[in-house]
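Student: If you scroll down you'll find the structure; I have some questions about it.
Residue numbers (the numbering used here), protein chains in the order written: chain A, 1 to 350; chain B, 351 to 725.
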């Protein structure tokens, strides 16, 4: 038998006994762990913390308030520089109208997305949040990520604490975790956003914890990063979550596993299981159908996931089943979860 | 023992014991597996069964499908089909023998070793159309294996041309026909059969035609169309009937579960099978079918993503290059029609398995030594 198989078994056995693997052991799992081994361990961990088998999902919509972004990272579709003829920036009222429309279609969360830029007055951002919240007070408004906050800090010369405080006061409900080491280390355009990535990222995350703004931690991979870099990110999430919890607010509500469709379903499921194994202190791990399709996202429900994330109603090209492409709906989510022998638990926010 | 096997849950332990001691699983075992919420545990059991019974090669074939016609007398019978058309339908087509020979020659230049040829039940063509296209293709590409017709077509020929099944098969063989395809089984249980294709040839007749073919030394593959109106017991029943036939004849080379595609069919209100169910079916088939060498994960209808994952759920064949698939693509399939051989090899490697290019009857033509995928 391949010696690494035994090693995987030993590490996973330790994990199931409540031990946290070392960085070297985590890298070994990332490199060598088979799908069946990792998914079995991760599935068992989920069954322990969530014995009823409840699987969360949310009806939500991503709304672009602007398509202007300075870095132009190669993985991002649809952003342009501010000089482009296609550049747009919408008024807060326009964005609020779209949010209200989404709410009328059942959305309980809107994710406001724009780029990293330096040419809008600061007041645009709190005003955007305020206007949407005023129009749709019952909808959770999630926006901005650590790299955006860092950009704001540099452009508007405000402290992280003040930026988050002002956004919170405007009504911001939740923030996006944004940014994995893979992006940071492998994509120079993105790397340039944060001068000192980990401390800046940590400062924003803990700032959100201080203001009791929950976050989603995305785990994005598949950009040519190494196993060490993937593990590095997951360890950082675990560490900062420990710190936030010690301060009274475990800020990360869900670890969302994303990757573009160039990554195989097999690798996606391996990494999702790894995320569950290495980050036991984030309550939920969410699979995502956008790039992997509903089939793979559903299979993850026995391999470490107990959430399926948002329906992203703006996206109508999801691979829902064999030969069936369309928009993900609440009833489709519930079917996928039920077929997997789990109980659908619709949530209203993070 | 792998870690996954060390964590098999208690309710599946009796099945684990049986797999480890080469005991046959029962109908009840099949039901328990179908109903288990532990998908990866079922996968680990199926992976174990595959490893113990048939080893670690994953087979593929350099093949091409040629669907000779979509005109079908059963057009109004099979509610799950998006392929069959009436003879006056503008979307109907029937290839001439010259067209087929031309396609076959072009495919042969790409290294194709097998032509997979099925079509609708054409109400107008004489029997000579079939024997002529077989001999013409065989003459043009003598090394190719012609895997033609499902049991449903054979049954139709037998009734329409007033010949026994034996006579049909022998005359086809004389023309150069090599083996039968596995389509047309749908789901044997009458409760399901009567809902999805009332009036179509029965499951018993399907099995009878395969039995006759095997007696004549003609290999076949067999299938099951799932993901429509069936219940777990119907799935287990279907698979066990195939196991019984295989005990009797040994003539089945592979079992191929076929995922129902609802788009453009008269059952388009159904959502179609999920990834969970796809993998469950593959794993349960591997565990129950202890007398089959190949459980095939047909990437055309599962998606290459799920087909690759299924290599850890008991599948050891991912079909082939296919090149021109019509039946599933009329039913909305979004998969490509062609996977290059290199792509199939990479997909198998990436799953940690050893690709083996095969011929129709599972002789290995070439093994591609595994290379660790980077990252």
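Beta carbons: idealized from backbone N, C-alpha and C, even for Gly.
(1) Mapping the DSSP letters down to three states, classify residue 544 of chain B as helix, strand or coil.
(2) Am I right that residue 592 of chain B and residue 602 of chain B are in contact with their C-beta atoms under 8 Å? What's the rounded C-beta distance?
(3) Bridge partners of residue 318 of chain A, per DSSP?
(4) Can you tell me whether residue 377 of chain B is buried or exposed? The criterion is at least 16 other CB atoms within 10 Å of its CB, across all chains shown.
(5) Would you identify the three-state DSSP class for residue 536 of chain B, choosing helix, strand or coil?
(6) Regarding residue 303 of chain A and the ligand FMN, is the C-beta to nearest heavy atom distance less than 7 Å?
(7) Can you tell which of B:379, B:355, B:364 and B:412 has the C-alpha that lies nearest to the C-alpha of residue 694 of chain B?
(8) What's the call for residue 600 of chain B, buried or exposed, on a 16-neighbour Cβ count within 10 Å?
(9) Please check if any C-beta of chain B sits within less than 8 Å of the C-beta of residue 90 of chain A.
(10) List, in order along the chain, the chain A residues whose C-beta lies closer than 8 Å to that of residue 388 of chain B?
(11) Give the secondary structure of residue 239 of chain A by DSSP, where H, G and I count as helix, E and B as strand, and everything else as coil.
(12) Taking all protein chains shown into account, do 16 or more other C-beta atoms lie within 10 angstroms of the C-beta of residue 338 of chain A, making it buried, or fewer, making it exposed?
(13) Residue 627 of chain B and residue 682 of chain B look like a contact to me (Cβ under 8 Å); what is the Cβ gap, rounded to whole Å?
(14) Report the rounded CA-to-CA distance for residue 427 of chain B versus residue 381 of chain B, giving the unit in angstroms.
(15) Please report whether the beta-carbon of residue 430 of chain B lies at a distance below 8 Å from any beta-carbon of chain A.
(16) Could you tell me which of B:500, B:623 and B:445 sits nearest to residue 482 of chain B, measuring between CA atoms?
(17) Drop a sphere of 10 angstroms on the beta-carbon of residue 3 of chain A, count the other beta-carbons inside from all chains shown, and report buried for 16 or more, exposed for fewer.
(18) At the 8 Å Cβ level, is residue 335 of chain A part of the contact set with chain B, yes or no?
(19) Less than 8 Å between C-beta atoms, sequence neighbours within five positions excluded: which residues of the same chain meet that for residue 290 of chain A?
(20) If we define contact as Cβ-Cβ less than 8 Å, is residue 8 of chain A a contact residue for chain B?
(21) Taking any Cβ of chain A, which residues in the region 658 to 671 of chain B have a Cβ under 7 Å from it, in chain order?
(22) Considering residue 409 of chain B, what are the terminal residues of the beta strand (DSSP E) in which it resides?
(23) Roughly how many whole angstroms lie between the Cα atoms of residue 54 of chain A and residue 498 of chain B?
(24) Would a C-beta distance cut-off of 8 Å place residue 177 of chain A and residue 147 of chain A closer than the cut-off?
(25) Could you round the C-beta distance between residue 272 of chain A and residue 287 of chain A to whole angstroms and report it? I think they count as a contact, below 8 Å.
(26) What residues in the region 284 to 296 of chain A have a beta carbon less than 8 Å from any beta carbon of chain B?
(27) Nearest CA to the CA of residue 236 of chain A: which residue from A:93, A:200 and A:214?
(28) Just curious, the beta strand (DSSP E) that residue 527 of chain B is in, first and last residue?
(29) Go ahead and pull the three-state DSSP assignment for residue 556 of chain B.
(30) What separation, rounded to the nearest whole angstrom, lies between the Cα atoms of residue 692 of chain B and residue 705 of chain B?
(31) When the Cα atoms are used, what is the spatial distance from residue 214 of chain A to residue 166 of chain A?
(32) Give a yes or no on whether the minimum CB-CB distance between residue 270 of chain A and chain B is below 8 Å.
(33) Please identify, using Cβ separations under 8 Å, the residues of the region 24 to 44 of chain A that lie next to chain B, in order along the chain.
(34) Closer than 6 Å by C-beta to residue 334 of chain A: which residues in its own chain qualify, once you throw out the five before and the five after it? Chain order, please.
(35) By DSSP's criteria, residue 465 of chain B is part of a beta bridge. Which residues make up the other side?
(36) Just to confirm, are residue 582 of chain B and residue 322 of chain A a CB contact at a threshold of 8 Å?
Tutor: Per the coordinate set shown:
(1) The residue you call residue 544 of chain B lines up with position 194 of the second chain. Residue 544 of chain B falls in the helix class under three-state DSSP.
(2) Reading the second chain from its first residue, position 242 is the one you call residue 592 of chain B. Reading the second chain from its first residue, position 252 is the one you call residue 602 of chain B. So it is a contact: roughly 7 Å between Cβ atoms.
(3) Along the first chain, one-based indexing puts residue 318 of chain A at 318. Beta-bridge pairing links residue 318 of chain A to A:326.
(4) The residue labelled residue 377 of chain B in the question sits at position 27 within the second chain. When all chains shown are included, residue 377 of chain B counts as exposed.
(5) Counting from one through the second chain, the residue named residue 536 of chain B turns up at place 186. Three-state result, residue 536 of chain B: coil.
(6) With respect to the ligand FMN, the structure offers nothing, as it holds no ligand at all.
(7) As a working note, residue 694 of chain B is residue 344 in the second chain. If we check each option's Cα against that of residue 694 of chain B, B:412 comes out closest.
(8) Counted from its first residue, the second chain places residue 600 of chain B at position 250. The C-beta of residue 600 of chain B has fewer than 16 other C-beta atoms within 10 Å across all chains shown, which makes the residue exposed.
(9) Within the first chain, residue 90 of chain A is the residue found at index 90, counting from 1. Answer no: the Cβ-Cβ gap between residue 90 of chain A and chain B never drops below 8 Å.
(10) Along the second chain, read from residue 1 onward, the residue named residue 388 of chain B stands at position 38. Ordered by position in chain A, the residues that pass the 8 Å Cβ test against residue 388 of chain B are 43 and 302.
(11) By 1-based counting over the first chain, the position of residue 239 of chain A is 239. Residue 239 of chain A falls in the helix class under three-state DSSP.
(12) For this step, residue 338 of chain A is matched to residue 338 along the first chain. Exposed is the call here.
(13) Along the second chain, read from residue 1 onward, the residue named residue 627 of chain B stands at position 277. Along the second chain, read from residue 1 onward, the residue named residue 682 of chain B stands at position 332. Actually they do not touch by this definition, with Cβ atoms about 18 Å apart.
(14) One-based indexing of the second chain puts residue 427 of chain B at position 77. One-based indexing of the second chain puts residue 381 of chain B at position 31. Using only the alpha carbons, I get a separation of about 30 Å.
(15) Translated into the one-based positions of the second chain, residue 430 of chain B becomes position 80. So no, residue 430 of chain B is outside the interface.
(16) Position 132 of the second chain, counting from 1, holds the residue named residue 482 of chain B. Selected option, being the one with the closest Cα: B:445.
(17) For the purposes of this step, residue 3 of chain A is taken as the residue at position 3 of the first chain. Residue placement at residue 3 of chain A cannot be trusted, given a pLDDT of 48 that sits under 50; the coordinates are not used to answer.
(18) Working through the first chain from its first residue, we reach residue 335 of chain A at position 335. Yes, because at least one Cβ of chain B sits closer than 8 Å to the Cβ of residue 335 of chain A.
(19) The residue labelled residue 290 of chain A in the question sits at position 290 within the first chain. Once the five neighbours on either side are set aside, the close Cβ partners of residue 290 of chain A are 258, 312, 315 and 318.
(20) Working through the first chain from its first residue, we reach residue 8 of chain A at position 8. Yes, residue 8 of chain A counts as interfacial toward chain B.
(21) Within the region 658 to 671 of chain B, the residues whose Cβ lies closer than 7 Å to some Cβ of chain A are 658, 659 and 662, listed in chain order.
(22) Position 59 of the second chain, counting from 1, holds the residue named residue 409 of chain B. Looking at the DSSP string, the run of the beta strand (DSSP E) that includes residue 409 of chain B is 407 to 411.
(23) Start at 1 with the first residue of the first chain, and residue 54 of chain A comes out as number 54. Start at 1 with the first residue of the second chain, and residue 498 of chain B comes out as number 148. Approximately 48 Å, taken between the alpha carbons.
(24) Here residue 177 of chain A refers to the residue found at position 177 when the first chain is read from its first residue. Here residue 147 of chain A refers to the residue found at position 147 when the first chain is read from its first residue. For residue 177 of chain A and residue 147 of chain A, no; Cβs fall outside 8 Å.
(25) As a working note, residue 272 of chain A is residue 272 in the first chain. As a working note, residue 287 of chain A is residue 287 in the first chain. Indeed they touch by this definition, with Cβ atoms about 6 Å apart.
(26) 292, 293, 294, 295 and 296
(27) One-based indexing of the first chain puts residue 236 of chain A at position 236. Looking at the Cα atoms, A:200 is the closest of the given residues.
(28) What you label residue 527 of chain B is simply residue 177 of the second chain in a count that begins at 1. Note, residue 527 of chain B: premise wrong, no beta strand (DSSP E); not H, not E.
(29) The residue you call residue 556 of chain B lines up with position 206 of the second chain. Correct three-state label for residue 556 of chain B: helix.
(30) Working through the second chain from its first residue, we reach residue 692 of chain B at position 342. Working through the second chain from its first residue, we reach residue 705 of chain B at position 355. Residue 692 of chain B and residue 705 of chain B: Cα-Cα distance of roughly 10 Å.
(31) Numbered from its first residue, the first chain carries residue 214 of chain A at position 214. Numbered from its first residue, the first chain carries residue 166 of chain A at position 166. Straight-line Cα distance between these residues: approximately 16 Å.
(32) Residue mapping note: residue 270 of chain A aligns to position 270 of the first chain, counting from 1. Answer no: the Cβ-Cβ gap between residue 270 of chain A and chain B never drops below 8 Å.
(33) Under the 8 Å Cβ criterion, the region 24 to 44 of chain A contributes 34, 35, 36, 37, 39, 40, 41, 43 and 44.
(34) Reading the first chain from its first residue, position 334 is the one you call residue 334 of chain A. Within the same chain, residue 334 of chain A has close Cβ partners 344.
(35) Stepping through the second chain from its first residue, residue 465 of chain B is reached at position 115. Per DSSP, B:414 and B:496.
(36) Reading the second chain from its first residue, position 232 is the one you call residue 582 of chain B. Reading the first chain from its first residue, position 322 is the one you call residue 322 of chain A. Result no, Cβ atoms of residue 582 of chain B and residue 322 of chain A do not sit closer than 8 Å.
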